[in-house]
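Colleague: I am attaching a structure below and will ask some questions about it afterwards.
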Amino acid sequence: MTPRSRILHIALLVFAVTAPFVFPNYTVAISVLWMMVMFSLTWDTLGGQMGYNSLGNITFFGLGMYISAVTQIAIRYDVGKYTAAYGAIKVDFTPHQYYLGLGLGIALAALGCVIVAVILSWILFGLRGPYFAIGTLGVAIAAAELTAAWGYVGGGGGIAMPVFPGPPRERGLFFYAGFVLVAIVCYLFLRWLYGTRFGLALNAIRDDEDKAEALGLHTRRYKTVAWCTSAFFLGIAGALFGNMTGFIEPLEVAYPVLTFNIFMVAMPLLGGKGTLWGPILGAVLFDVLREATWTYLLGWQYVALGLLITVNVVYFQQGILGWVRAKKPEWFGVRVEDSNVKASPARSGA
Amino acid sequence: MWDNLQVLITAPVFNVQLLLNGITVGAVFALVGYGLALVWGVTSVKNLAQGDFVMMGGYIGYVLAKHGIHPILTLIPVAIIMFGFGWLCYLLVIKRVIQLDLFTSLLGTFGLALVLEQVLNLVFGGDVRTAHSGFGTIRMFHGMVTVTEIRLIALGLCALLAVGMALFMKKSRMGQAIRATAQDPRAARVLGVNTDLVYAFTFSINAAICGAAGVLISMIWVLQPYYGITYSVRAFVIVTAAGLGNLPGVILTALGLGVIEQYSGFILGAQIQQATVVSMLLIILVWRQLQLRRQRLALQ
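Chains as they are written, first to last, in this note's numbering: chain A, 1 to 350; chain Y, 351 to 650.
Structure representation (structure tokens):
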């Protein structure tokens, strides 16, 4: 690790730890920022590194959210009765039950998402390019609609989540810590992953899948594992987010095909896909811009989002980091090795 | 669910109703699917804004109808306006994504779809709307089966448009240039076809077809800004199942899709309709995949 990248890492870590105390009123907003960083990173595993552009990663987010919700409720109540009552049941989880449910919920959400990712990969990974994108979009829409039509999990009415046993401030910090932790683990894991043979295999699939296969790579296996890592982190994110908002519902919270789902694609594209830091940079920029402008645009925010995506892909496809790399390769060359972006053979010495 | 299924078995006449509804709606899907196949084949751009062009055309027709023009007559001005709009989209977006990779075109048009959908939502609101054409209803089988006259008229208009398009592609100079470009853009350029113009024209004519389809939809069904994506998915279902440059296939799949949607809507409930369309897409994608695998095995 060179001094410059060490400073960057330490600065980010300091920000992550102190942010909820320096800006106590923005704890939830900064939690969402970390979630966005995770969204961006997990999308880029497939979209940037492997060249499989998914338009339906939100499926795992919503799935994780619902698996965790059902688990947490099932510990104490009959889920069907609970959801049928629309919050009329007086909910009283003891702290012990709550934490047990939450822990179990997150674990099962991650596990369930990985299992579903394996099943879906069997269906979807025969598709390439635009077919894969359309297929994943179809899966996301279908998941949202089917959840909305399924009465057992509350249908379109949603589920009121168990209440955190503690004061609101403590609750905010608790979930903030959860998001920061998962985002850091996600970053470190992907950073390590992209430096290994596995990362090279993903890049080979992106560059030419047929040739990679001809050279003896089991591309199917690599693609499935890559998708499972995305699903794993997204499932945890969904479980945490569901508990943080306190009320979940299929179309707007769990499977927001037009908001979070599109942000996932827009952020890495903005920052520069196929790099490790591009998605992070894109996520931070996008989320800060979104928080700053979203409420003042009065309904025009989605128009702005659509324009941003179109302009981004049509006129500025390489993203911010890609643009910097094209402008200042020598300056960037250092940075590539710094952050172990991809295929850097000098990694062991870094 | 089982009750509804039993209704179909004990009173077969309801099947006639569902078939009629399915075919009249499916004819409009065929137009949308044909437009997508045309653009896909010629420019290799996968237009995800297809459904939003339909909705936009429908809303323009709706506004014109509010100003006293009969909805059927709005077909012509709407087609002209949408042609111009398509040309504008081509110049701003499509022209630049043709040379780039396929996902870029998909995402670029997806951004376009998002913009159109939200602008429509801001201008017209989220309520469902219908343009009233003022025609009556035909009753058959002692009033058990009803079909509005406008649905039959729309069916006729769809057929007319399809025949017109087929003739245009076959006979006119531009149609021949389009077909030549679809076969081999480079050779077409060498032989003096202005392929840039052909691309622009193809995309615009697709927008015009979508606009016409939207006007028909506004008369026989409903308009809602967020329904656009469903039409895009339907168009993809049709094109993926039928393949490019296969007009009879497009028409058959579109009618079949319309009928399947009506049946699933009747048996499983209306709220499952969108899920049906996307499930159809997934089924067709998987089926295509299995087909490819069999082909690969046969080659080995």
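Ideal placement from N, C-alpha and C gives every residue a C-beta, glycine not left out.
Remember, it's a predicted structure, so these values are computed and weren't measured experimentally.
Is the distance from the Cβ of Gly436 (chain Y) to the Cβ of Val589 (chain Y) below 7 Å?
Modeller: no
Colleague: Can you pull the chain A residues whose beta carbon is under 7 Å from the beta carbon of Lys416 (chain Y), in chain order?
Modeller: Correct list: empty, because the minimum Cβ distance to chain A is about 23 Å.
Colleague: From which residue to which residue does the beta strand (DSSP E) around Arg489 (chain Y) run?
Modeller: 487–490
Colleague: Between which two residues does the beta strand (DSSP E) holding Thr498 (chain Y) run?
Modeller: 495–498
Colleague: When you compare only the Cα positions, how much space is there between Gly155 (chain A) and Asn243 (chain A)?
Modeller: Here the C-alpha atom of Gly155 (chain A) lies approximately 18 Å from the C-alpha atom of Asn243 (chain A).
Colleague: What's the gap between the Cα of Tyr82 (chain A) and the Cα of Gly47 (chain A)?
Modeller: 39 Å
Colleague: Leaving out the 5 sequence neighbours to the left and right, which residues in its chain are closer than 7 Å to Gly458 (chain Y) when beta-carbon positions are compared?
Modeller: By the criterion of a C-beta distance shorter than 7 Å, Gly458 (chain Y) is surrounded in its chain by Val443, Val447, once the five residues flanking it on both sides are discounted.
Colleague: Residues in the same chain with beta-carbon distance under 6 Å from Phe39 (chain A), minus the five sequence neighbours each way, listed in chain order, please.
Modeller: Met264
Colleague: Quick check: is the beta carbon of Thr498 (chain Y) nearer than 7 Å to any beta carbon in chain A?
Modeller: Residue-level contact by beta carbon fails for Thr498 (chain Y) and chain A, as no gap is shorter than 7 Å.
Colleague: What does Ala160 (chain A) pair with, by DSSP beta-bridge criteria?
Modeller: Partner residues in the beta bridge of Ala160 (chain A), as assigned by DSSP, are A:Phe247.
Colleague: Could you spell out the range, first to last residue, of the alpha helix (DSSP H) harbouring Ala69 (chain A)?
Modeller: In the DSSP assignment, Ala69 (chain A) falls within the alpha helix (DSSP H) that extends over 58–74.
Colleague: DSSP state of Leu573 (chain Y), grouped into three classes?
Modeller: strand
Colleague: Would Ala142 (chain A) pass as an interface residue toward chain Y - the criterion being a Cβ-Cβ separation below 7 Å?
Modeller: yes
Colleague: When the cut-off is 7 Å and only beta carbons count, does Leu146 (chain A) lie next to chain Y?
Modeller: Yes, Leu146 (chain A) lies at the interface with chain Y (some Cβ there is under 7 Å from its Cβ).
Colleague: So for Arg479 (chain Y), helix, strand or coil by DSSP?
Modeller: strand
Colleague: What residue range does the alpha helix (DSSP H) around Arg539 (chain Y) cover?
Modeller: For Arg539 (chain Y), the enclosing alpha helix (DSSP H) covers residues 535–540.
Colleague: Whole angstroms are fine: how far does the CA of Arg325 (chain A) sit from the CA of Tyr187 (chain A)?
Modeller: 21 Å
Colleague: Quick one, which residues of the region 392–410 of chain Y are near chain A if we go by CB-CB under 7 Å, in chain order?
Modeller: Lys396
Colleague: Buried or exposed: which applies to Pro162 (chain A), given that a residue is buried once 16 or more other Cβ atoms fall within 10 Å of its Cβ?
Modeller: buried
Colleague: Between the alpha carbons of Asp92 (chain A) and Asp78 (chain A), how many angstroms are there, rounded?
Modeller: 14 Å
Colleague: Identify whether Lys328 (chain A) lies in helix, strand or coil by the three-state DSSP scheme.
Modeller: coil
Colleague: Over what stretch of residues does the alpha helix (DSSP H) that includes Ile448 (chain Y) continue unbroken?
Modeller: Following the DSSP letters along the chain, one finds Ile448 (chain Y) in no alpha helix (DSSP H), marked with neither H nor E.
Colleague: Going by beta carbon distance, what residues of the same chain come within less than 7 Å of Tyr412 (chain Y), once the five residues before and after it are set aside?
Modeller: If you ignore the 5 residues before and after Tyr412 (chain Y), its C-beta comes within less than 7 Å of the C-beta of Arg479, Ala481, Ser568, Leu573, all in its own chain and listed in chain order.
Colleague: Under DSSP, the alpha helix (DSSP H) around Val79 (chain A) begins and ends at which residues?
Modeller: 79–84
Colleague: Take the Cβ of Tyr152 (chain A) as the centre, count every other Cβ of all protein chains shown within 10 Å, and call the residue buried at 16 or more, exposed below.
Modeller: exposed
Colleague: Are the beta-carbon atoms belonging to Val363 (chain Y) and Ala532 (chain Y) less than 7 Å from one another?
Modeller: no
Colleague: Are at least three pairs of beta-carbons, each pair with one atom in the region 608–627 of chain Y and one in the region 484–501 of chain Y, less than 8 Å apart?
Modeller: Touching, no.
Colleague: On the CB-based measure, 16 or more other CB atoms within 10 Å of its CB, does Met490 (chain Y) come out buried or exposed?
Modeller: exposed
Colleague: Can you have a look at Thr487 (chain Y) and say buried or exposed, based on whether 16 or more other CB atoms are within 10 angstroms of its CB?
Modeller: So Thr487 (chain Y) counts as exposed.
Colleague: So Leu63 (chain A) contacts chain Y; which residues on that side make the cut at Cβ distance below 7 Å?
Modeller: Using a Cβ-Cβ cut-off of 7 Å, Leu63 (chain A) is close to nothing in chain Y; its nearest Cβ partner there is about 15 Å away.
Colleague: From the DSSP output, in three-state form, read off Phe616 (chain Y) for me.
Modeller: helix
Colleague: If you run the structure through DSSP and keep just helix, strand and coil, what is Ala399 (chain Y)?
Modeller: Coil at Ala399 (chain Y), not helix or strand.
Colleague: Can you grab the Cα-Cα spacing for the pair Asn365 (chain Y) / Lys445 (chain Y), in whole Å?
Modeller: 46 Å
Colleague: Given this structure, state the Cα-to-Cα distance separating Ala304 (chain A) from Gly461 (chain Y), to the nearest angstrom.
Modeller: Here the C-alpha atom of Ala304 (chain A) lies approximately 10 Å from the C-alpha atom of Gly461 (chain Y).
Colleague: Since Gly418 (chain Y) contacts Gln400 (chain Y) with CB under 8 Å, what's their CB separation in whole angstroms?
Modeller: 30 Å between Cβ atoms; not a contact.
Colleague: Relative to chain A, which residues along the region 615–638 of chain Y have a C-beta separation below 7 Å, given in chain order?
Modeller: Gln621, Ile622, Gln624, Ala625, Val628, Ser629, Leu631, Leu632, Leu635, Val636
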